[in-house]
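Notes for the one structure printed next.
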Amino acid sequence: MCGIVGYVGGQQAYPIIVKGLHRLEYRGYDSAGIAITTDKQLNIYKQAGKVSDLEDFVKDKNVKGNIGIGHTRWATHGVPNQLNAHPHKSGDSNLALIHNGIIENYDSLKKALIKRGHVFESETDTEVLVHLIEEIKKNEKVNLFEAVRLALNEVIGAYAILVIDKENNEEIIAARKGSPLVIGIGKGEYFVASDATPIVEYTRNVVYLEDEQIARINKKEALEIKTISNIIKTPYIDELELSLEAIEKEGFEHFMLKEIFEQPKCILDTMRGRINAKTGEITLGGILDYEKKILNAERIIIVACGTSWHAGLIGEYLFEDLARISVEVEYASEFRYRNPIITEKDVVLAISQSGETADTMAALELAKQKGATILGICNVVGSSIPRLTDAGSYTHAGPEIGVASTKAFTTQVVVLTLMALRIAKEKGTLTNTEYRQIITELELIPKKVEKVLELDDLIKEIAAEFKDATNFLYLGRGYNFPVALEGALKLKEISYIHAEGYPAAEMKHGPIALIDEHMPIVVLATRKGNYEKVVSNIQEVKARGGRLIAIVTEGDKTVKELADYCIEIPACFEELMPLLSIIPLQLLSYHIAVMRNCNVDQPRNLAKSVTVE
Ligand code: F6R
Numbered sequence: 009m010c011g012i013v014g015y016v017g018g019q020q021a022y023p024i025i026v027k028g029l030h031r032l033e034y035r036g037y038d039s040a041g042i043a044i045t046t047d048k049q050l051n052i053y054k055q056a057g058k059v060s061d062l063e064d065f066v067k068d069k070n071v072k073g074n075i076g077i078g079h080t081r082w083a084t085h086g087v088p089n090q091l092n093a094h095p096h097k098s099g100d101s102n103l104a105l106i107h108n109g110i111i112e113n114y115d116s117l118k119k120a121l122i123k124r125g126h127v128f129e130s131e132t133d134t135e136v137l138v139h140l141i142e143e144i145k146k147n148e149k150v151n152l153f154e155a156v157r158l159a160l161n162e163v164i165g166a167y168a169i170l171v172i173d174k175e176n177n178e179e180i181i182a183a184r185k186g187s188p189l190v191i192g193i194g195k196g197e198y199f200v201a202s203d204a205t206p207i208v209e210y211t212r213n214v215v216y217l218e219d220e221q222i223a224r225i226n227k228k229e230a231l232e233i234k235t236i237s238n239i240i241k242t243p244y245i246d247e248l249e250l251s252l253e254a255i256e257k258e259g260f261e262h263f264m265l266k267e268i269f270e271q272p273k274c275i276l277d278t279m280r281g282r283i284n285a286k287t288g289e290i291t292l293g294g295i296l297d298y299e300k301k302i303l304n305a306e307r308i309i310i311v312a313c314g315t316s317w318h319a320g321l322i323g324e325y326l327f328e329d330l331a332r333i334s335v336e337v338e339y340a341s342e343f344r345y346r347n348p349i350i351t352e353k354d355v356v357l358a359i360s361q362s363g364e365t366a367d368t369m370a371a372l373e374l375a376k377q378k379g380a381t382i383l384g385i386c387n388v389v390g391s392s393i394p395r396l397t398d399a400g401s402y403t404h405a406g407p408e409i410g411v412a413s414t415k416a417f418t419t420q421v422v423v424l425t426l427m428a429l430r431i432a433k434e435k436g437t438l439t440n441t442e443y444r445q446i447i448t449e450l451e452l453i454p455k456k457v458e459k460v461l462e463l464d465d466l467i468k469e470i471a472a473e474f475k476d477a478t479n480f481l482y483l484g485r486g487y488n489f490p491v492a493l494e495g496a497l498k499l500k501e502i503s504y505i506h507a508e509g510y511p512a513a514e515m516k517h518g519p520i521a522l523i524d525e526h527m528p529i530v531v532l533a534t535r536k537g538n539y540e541k542v543v544s545n546i547q548e549v550k551a552r553g554g555r556l557i558a559i560v561t562e563g564d565k566t567v568k569e570l571a572d573y574c575i576e577i578p579a580c581f582e583e584l585m586p587l588l589s590i591i592p593l594q595l596l597s598y599h600i601a602v603m604r605n606c607n608v609d610q611p612r613n614l615a616k617s618v619t620v621e
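Our numbering numbers the first residue of the sequence shown as 9 and each following residue consecutively.
Here is the structure:
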């Protein structure tokens, strides 16, 4: 979590850094801070709350300077107040440091530093690191680059850090391990940030720092990179493909709404170039070399968190149903700590929008150690998971900035569908006709999603009716069960209404006790699958006075007679239904959250990229 930005060059640093912090605010918004040096003077300003609170705070302050670093925080160690906000400074007030990650051994380092006379102002792990660097710099009589390198050799944990020294107004030292860092190269200037969004409008030439690398970013010199074990590395310059429009709201009130409405295009982008129009042949270039491994795998273990875990559950249905491969779907955070049985015959597939989720990374590392083939489905190009895995497929959804995942989910499901179909074809578990029918249907999905999006006004009316509810139940069966889980997650994370997703039939084993005339129940009752059985479950709810919102297939009559509200979506194959049935649930939570005056794009306590466990 946390977003970090730095600038050194000929321009004023403050406006560049603040703009960058706004772009990175999705990563954390508990507090924000900035350090700028000019004429050997270090000015640090920080404030609890959002970047806009920091801007108000610095209105009458001196923010002049051509070098600076800025931070937006998602609190781990220490409450989100001004004192714990970054940047943190060294004891002699010469150095300022910002950090994304966790220093796991900070307690023992801190105790040792206190014994040696250091005094700390905050409760953070980060402040320990800047004191350690200061001490090494003085004792070893080395420059900042070397002092940071030596200090990082004593650190256990994850970090992306930027450090500046008020004595040197030309240089930023950056380092990373487990948290992302991108360096943008301009003419006589450098930009550095947690992702490329603060950089894209200034330069397209970027260097993605690798784990355990440290960079000396001096505006007058070429970029210098070495590992923390002191091996010099030649910087590899990548070209950014990100567009500025992709990271702006383009007329939508919120990023989340924009991203919901982008889904037809994103789904098309995910499929683009992967299905041969004439033959229906699917090619996933990224996993081509590992296809045999998947075909011969005894099982596929999917590891993920949150929404990506829900996509993984749909993957389980798809792989088992279409390709007849046994699948286990694991919460990465549980999997990594429970001594799982993994062999070389297993394929472990991580799903992650950000490609940075700490638990998912750790689960993959464990699987790698045990000899499994490790694959990934990620959205953020060049992020840590694609770097770690043997192979994988990108979702190509474009930047997802709203903290609640929407387009990432549907595009993950599309990649899983393509993978399952490709394997099914190779294994012969589907007939040619069945295979072609699903492909044809898949190609129609973007248009059908567009049709579902036309129901936005109706969904808004339903939202107005239920916005004051305190609990919601979401029910679904088969392919629609993970959709029920995802719908409930969307509602709770952005509107703060308690919601539970349940397999519809499981309801009578407990949750049915919750149902009364105040309880809204969202039921996924689309045709095919277990339709008749879901209808019986609906009757059980109705008999207990629950208020029903049903997602049904166009033309449905049976459920219409039972439900208080019906949202009719186009018919499609059961296997592809989650791609349509999730859309009304995303819109319902969005509108309820807006009506409750919640911060839709930055819900409380959350952050987009969970780089701590
Ligand atoms: C929910 C949400 C989170 C993420 C989870 C995993 O809307 O966004 O539950 O899905 O933190 O993140 P990634 O997919 O980046 O690994």
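Cβ atoms here follow ideal geometry from the backbone N, Cα and C, with glycine treated the same way.
Exposed unless 16 or more other CB atoms sit within 10 angstroms - verdict on residue i
i: Arg124; result: exposed
i: Val411; result: buried
i: Ser392; result: buried
i: Lys616; result: buried
i: Ile164; result: exposed
i: Asn545; result: buried
i: Ser503; result: buried
i: Pro206; result: buried
i: Glu408; result: buried
i: Gly406; result: buried
i: Arg430; result: buried
i: Gln49; result: exposed
i: Leu252; result: exposed
i: Tyr216; result: buried
i: Pro528; result: buried
i: Tyr443; result: buried
Range of the contiguous beta strand (DSSP E) that encloses residue i
i: Glu336; result: 334-339
i: Pro519; result: Here Pro519 belongs to no beta strand (DSSP E), and DSSP marks it neither H nor E.
i: Gly192; result: 190-193
i: Ile49; result: Position check: residue 49 holds Gln in this sequence, whereas Ile was assumed. First-last of the beta strand (DSSP E) with Gln49: 49-56.
i: Asp173; result: 165-173
i: Ile106; result: 103-111
Limits of the unbroken alpha helix (DSSP H) element including residue i
i: Asp64; result: 59-66
i: Asp465; result: 464-474
i: Leu570; result: 566-570
i: Asn440; result: 440-461
i: His599; result: 586-603
i: Leu497; result: 488-503
Practice task
Pair every Cβ in the stretch 446-457 with every Cβ in the stretch 309-324, then say whether three or more of these pairs are closer than 8 angstroms.
Solution key: no
Practice task
For the stretch 188-199 and the stretch 264-276, state whether three or more C-beta atom pairs, one from each stretch, are separated by less than 8 angstroms.
Solution key: Contact between the stretch 188-199 and the stretch 264-276 is absent, with fewer than three C-beta pairs closer than 8 angstroms.
Problem - Any heavy atom of ligand 1 nearer than 5 angstroms to the CB - residues listed - result: Cys313, Gly314, Thr315, Ser316, Ser360, Gln361, Ser362, Thr365, Ala412, Ser413, Val618
Problem - Any 3 or more C-beta pairs closer than 8 angstroms across the stretch 530-547 and the stretch 491-504 - result: yes
Practice task
Examine the Cβ distances between the stretch 304-320 and the stretch 279-296 and report whether three or more of them are shorter than 8 angstroms.
Solution key: no
Exercise for the section: State whether the stretch 124-140 contacts the stretch 58-78, with contact taken as three or more CB pairs (one from each stretch) at a distance under 8 angstroms. Expected result: The answer is no - the stretch 58-78 does not touch the stretch 124-140, with fewer than three Cβ pairs under 8 angstroms.
Exercise for the section: Could you tell me whether the stretch 595-607 touches the stretch 345-352, where touching means 3 or more Cβ pairs closer than 8 angstroms? Expected result: no
Handout entry: Any 3 or more C-beta pairs closer than 8 angstroms across the stretch 387-407 and the stretch 291-299
Key = Touching, yes, given that three or more Cβ pairs across the two stretches are closer than 8 angstroms.
Practice task
Decide yes or no for the touch test of the stretch 155-172 against the stretch 103-112: beta carbon pairs closer than 8 angstroms, at least 3 of them.
Solution key: They touch, by the three-pair rule.
Handout entry: Cβ pair count under 8 angstroms reaching 3, the stretch 575-590 against the stretch 150-163
Key = no
Practice task
Determine, using beta-carbon pairs with one atom in the stretch 137-151 and one in the stretch 78-94, whether at least three such pairs fall under 8 angstroms.
Solution key: no
Problem - Touching by the beta-carbon criterion (3+ pairs, under 8 angstroms), the stretch 368-384 and the stretch 223-232 - result: no
Problem - Cβ contact check for the stretch 503-517 and the stretch 559-575: 3 or more pairs under 8 angstroms - result: no
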